[in-house]
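Report on the following structure.
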Amino acid sequence: MKSQLLSGGVALAGFFYTFVGVALLAVPVWFFENIGRFPPFNRHYMGDLGSFTLPIGIALLVAAREPLKHRLLIAVVVAANLLHAANHLYDAPGEPLAHWLVDTVPLVLFAGLFLWLFLIPVPEREQVKR
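Put into structure tokens, the structure is as follows:
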């Protein structure tokens, strides 16, 4: 059961990262105007971010099939999510409530959920045999 929950969470994160990576590379102006509005717009930095985010998404989609065999990858993505959320928390003081609700709170919740999925114990019968 835990491994199925982990698979679903990893797959969801994989779809999210893949979508974000494709959007950053293919439609950076749309992404800037609708999702990541942190002026000034810089197409190069958006492309750089997409170049890193897309492979992470693809790797998570592959790992979702057998997440217990890819715990190091998942741990790195958990760390990235926590750092990303911390960066938004650093920038958020003084921002209006709408910014917190749309931008910062979802990132913190996603990072927390991903961390929880990673940390909850796996019953021995579900663990990967080496």
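Per our numbering, numbering through the sequence shown is continuous, rising by one, with the last residue being 723.
A virtual CB, placed ideally from N, CA and C, is assigned to each residue, including glycine.
Counting along the chain, the unbroken alpha helix (DSSP H) around W709 starts and ends at 698–712.
Looking at the backbone, the Cα of T646 and that of A673 are separated by about 11 Å. Nearest C-alpha to G614 among I628, G601, G602: I628.
Buried is the label assigned to G643, since at least 16 other Cβ atoms lie within 10 Å of its Cβ. With a threshold of 16 other beta carbon atoms within 10 Å, L665 falls short and is exposed.
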